[in-house]
Amino acid sequence: MTPPVSLAVDVVVLTLPASVAELDAWDASEDRAARPAPLFLAGRRDHPPFAGAWSLPGGLVAGAEGLEAAARRVLAEAASRSDAIRLAAPRHLEQLATFGAPTRDPRGRVVSVSYLALLPVPAQVAGNAAWLPADDPPELAFDHRTILSSALNRLRAKLSYSTVAYGLLPDHFTLSELQAVYEAVRGRSLDKRNFRRKVLALGFLEDTGDQRRGSHRPAQLYRFSQAGLVLLDDVITT
Numbered sequence: 005m006t007p008p009v010s011l012a013v014d015v016v017v018l019t020l021p022a023s024v025a026e027l028d029a030w031d032a033s034e035d036r037a038a039r040p041a042p043l044f045l046a047g048r049r050d051h052p053p054f055a056g057a058w059s060l061p062g063g064l065v066a067g068a069e070g071l072e073a074a075a076r077r078v079l080a081e082a083a084s085r086s087d088a089i090r091l092a093a094p095r096h097l098e099q100l101a102t103f104g105a106p107t108r109d110p111r112g113r114v115v116s117v118s119y120l121a122l123l124p125v126p127a128q129v130a131g132n133a134a135w136l137p138a139d140d141p142p143e144l145a146f147d148h149r150t151i152l153s154s155a156l157n158r159l160r161a162k163l164s165y166s167t168v169a170y171g172l173l174p175d176h177f178t179l180s181e182l183q184a185v186y187e188a189v190r191g192r193s194l195d196k197r198n199f200r201r202k203v204l205a206l207g208f209l210e211d212t213g214d215q216r217r218g219s220h221r222p223a224q225l226y227r228f229s230q231a232g233l234v235l236l237d238d239v240i241t242t
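Here my numbering is used: the first residue of the sequence shown is 5, the next is one more, and so on.
Pasting the structure below:
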């Protein structure tokens, strides 16, 4: 007799420190250790298997529940009351991959459909949940480190050929903030002049007509010209 197979969802929620959305300028010579880096949402498990270990938000899919609905539900369960709605409705959500190794869960056969979610700034989370560094994660339960790595690779690749950066930015942002997102996710500095010339030439940004004033020279504010994810006509490789 074939053993039963359970269906689950696991969600990789990525964000950047709030400081990224507040940058007026970015010094490419700044120490790499001080550069904002991606964070991911995890919760400390309080029951076996892997009791005490960190894991991604996840859970079994209910009988009449859609996959995306299940993903949004587990995100809401991971959030505090004040931020549950924002976390359950991330700025960007996409299906990532399916993970179904027979030994991924010691309790039995569980196939997980994973999702990638993006937030502009970290949401407040409740209980045992926390935002952890995605580039240097702790030990994770199940195969969640593999899922996290897959999500980071997807995001880094999509930055080159799409407007997926919108998921990590506020509605209006400076070119320095956009560059900071690329640098934080890719983990390396970019030439400011080449980056700006490239992104403006691709035509996916529009000038809002407003400026952000601070301690530095006023910075022009931009927004994405189309809502949601848009594929680009060329790649951003600078």
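Where a beta carbon is used, it is the ideal one built from N, C-alpha and C, also for glycine.
Integer-rounded CB distance, given that residue j should sit under 8 Å from residue i
| i | j | result |
| --- | --- | --- |
| residue 71 | residue 13 | 6 Å |
| residue 15 | residue 79 | 6 Å |
| residue 136 | residue 119 | No, residue 136 and residue 119 are not in contact; Cβ-Cβ is about 18 Å, not under 8 Å. |
| residue 17 | residue 61 | 7 Å |
As assigned by DSSP and simplified to three states, the class of residue i
| i | result |
| --- | --- |
| residue 15 | strand |
| residue 228 | strand |
| residue 160 | helix |
| residue 183 | helix |
| residue 199 | helix |
| residue 148 | helix |
| residue 84 | coil |
| residue 21 | coil |
| residue 235 | strand |
Selected residue, minimal CA-CA separation from residue i, among the options
| i | options | result |
| --- | --- | --- |
| residue 6 | 106, 51 and 212 | 106 |
| residue 20 | 226, 204 and 186 | 186 |
| residue 52 | 120, 210 and 110 | 110 |
| residue 205 | 238, 214, 183 and 215 | 238 |
| residue 208 | 164, 220 and 234 | 234 |
| residue 39 | 73, 76 and 189 | 189 |
| residue 143 | 87, 232, 240 and 55 | 55 |
Beta-carbon spacing of residue i, residue j below 8 Å
| i | j | result |
| --- | --- | --- |
| residue 10 | residue 146 | no |
| residue 151 | residue 103 | yes |
| residue 224 | residue 178 | yes |
| residue 191 | residue 95 | no |
| residue 83 | residue 138 | no |
| residue 66 | residue 74 | yes |
| residue 215 | residue 196 | no |
Sequence-distant residues of the same chain with beta carbon closer than 7 Å to residue i, five excluded per side
| i | result |
| --- | --- |
| residue 134 | 46 |
| residue 50 | 132 |
Sequence-distant residues of its chain with Cβ nearer than 6 Å to residue i (five each side left out)
| i | result |
| --- | --- |
| residue 112 | none |
Other residues of its chain near residue i: CB distance less than 8 Å, five sequence neighbours each side excluded
| i | result |
| --- | --- |
| residue 77 | 63, 69 and 92 |
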